[in-house]
Amino acid sequence: MGEAIVITSGKGGVGKTTTTANIGAALAQAGQRVALIDADIGLRNLDVVMGLENRIVYDLVDVVEGFAKLKHALIKDKRFENLYLLPAAQTRDKTAVSPDQMRALVGEMKQEFDFVLIDCPAGIEQGFKNAVAGSDKAIVVATPEVSSVRDADRIIGLLEAEEKHHPSLIVNRIRPSMVKKGDMMDIDDMIEILAIDLLGVVPDDEFIVVSTNRGEPAVLNQQSKAGEAYRLISRRLLGENVPLMKLEEEGQGLLGRLRKMMGIKG
Amino acid sequence: MFDLFARVFGREDASKEVAKERLRLVLVHDRSSLSPQALESLKNDLLQVISQYLDIDDQGFRVDFSRHEDAMALVANIPIKKKVSRNL
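For the protein sequence lines, the chains are D and G, in the order given.
Okay, so the first sequence: first residue is 3 according to the numbering used here, each after it adds one.
Okay, so the second sequence: first residue is 22 according to the numbering used here, each after it adds one.
Next comes the structure, spelled out in structure tokens:
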């Protein structure tokens, strides 16, 4: 019996889809059987981020409505041994499925896969409720910006109200040089404000744009900093106790903090 | 305290401190799940009750959430003009 994890954020554009694609790919690289579900019905994007957009025949709504069998709708990613995508419907909307239907679908998929990752749409309405319904755990993605942290706080409140998702945080697109100047919140600031466990930190990386252009998850590239961060996160999801990614240019430890506090450029 | 550090070391423009302070305040409101209208009506009710006993300066009357370490508090600032004399 696998585990279903929803990747959510409240705010749009903070990297939910990229995070879903890369954690999924990294888990598959680590030998896990992984299925990704795009729960953003009407605005699907996980297919293009994964580079699988030309292979869609059936989608999530087809499966839920019984037009297609799950195994016919799942797209196998040929670059990874055990990675599959269940795409969202593009010509329907959020009301095409119900939380109960999602719960049943995810439950069925957990029989087959070690991990079922659900890419949640932005917002807190029905799309969010659907995406969360079948999940055991939640990952909240937030960037170090006021708007993103505020929305993340709202999402965490909604998840904690249900007392079953144990949300953990991924701080995305952190820029060490700005953190050093005091112009960007650091990981400690985010944890302090959101009062939630940290799952990982992903540095801002131009390579993500390249990887999205090509439809190839960044974890396929050994040079990508973000790719490395997602590999570490996936190992943490597998229960390994790996340290946080070292961010360049950021003062670490007591000396670093002291420098940061006194504004000494180290 | 931070302001002092910032001024001494010429870093008063560290904008993350501004971000954190603004977030703390906005989140106190968000988490309270009390709408601005409800807060306004609470304020008016308080004003009405208290003015039965005291002569309040309603221009300076403030009711707002604030954060004290980890706890949230509703803080009312009620300037008093003078005690209403009552014949018992």
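The beta carbon of each residue, even a glycine, is placed where N, CA and C say it ideally should be.
It should be emphasised that the depicted structure is a prediction, and the values quoted were computed from it without experimental measurement.
Close partners of aspartate 51 (chain G) in chain D (Cβ separation under 9 Å): Arg152, Asp155, Arg156 and Gly159. The beta-carbon of serine 62 (chain G) is placed no less than 9 Å from the nearest beta-carbon of chain D.
For leucine 48 (chain G), the nearest CB of chain D lies under 9 Å from its own CB, placing it at the interface with that chain. DSSP, read as helix, strand or coil, puts arginine 83 (chain G) in strand.
Under the 10 Å beta carbon count, arginine 152 (chain D) is surrounded by 16 or more other beta carbons and is classified as buried. As the crow flies, the alpha-carbon of serine 170 (chain D) is around 20 Å from that of aspartate 51 (chain G). Of D:Ala220, D:Val59, D:Ala6 and D:Val108, the smallest CA-CA separation from phenylalanine 209 (chain D) is found for D:Ala220.
Here lysine 102 (chain G) carries a strand assignment [DSSP, helix/strand/coil].
Contact between the segment 44 to 61 of chain D and the segment 78 to 95 of chain D is present: three or more C-beta pairs spanning the two stretches fall below 8 Å.
Fully enclosed beta strand (DSSP E) runs of no fewer than 3 residues occupy 75 to 77 of the segment 40 to 79 of chain G, in order along the chain.
Only residues of its own chain outside the window of five on either side were considered, and among them Leu201, Gly202 and Val244 have a CB closer than 8 Å to the CB of arginine 238 (chain D), listed in chain order. In chain order, Val142, Ile158, Pro169, Ser170 and Leu171 place their CB closer than 8 Å to the CB of isoleucine 198 (chain D), counting only its own chain and leaving out the 5 sequence neighbours on each side. Rounded to the nearest whole angstrom, the C-alpha separation of alanine 75 (chain D) and proline 101 (chain D) is 20 Å. Interface flag for lysine 37 (chain G) against chain D is set, since a Cβ pair is found closer than 9 Å.
A residue is called buried once 16 or more other Cβ atoms fall within 10 Å of its Cβ, and methionine 93 (chain G), having fewer, is exposed.
Distance between isoleucine 235 (chain D) and asparagine 56 (chain D), taken at the CA atoms: about 29 Å. Considered as a whole, the segment 93 to 119 of chain D harbours 101 to 114 as its complete alpha helix (DSSP H) runs of no fewer than 4 residues, in chain order.
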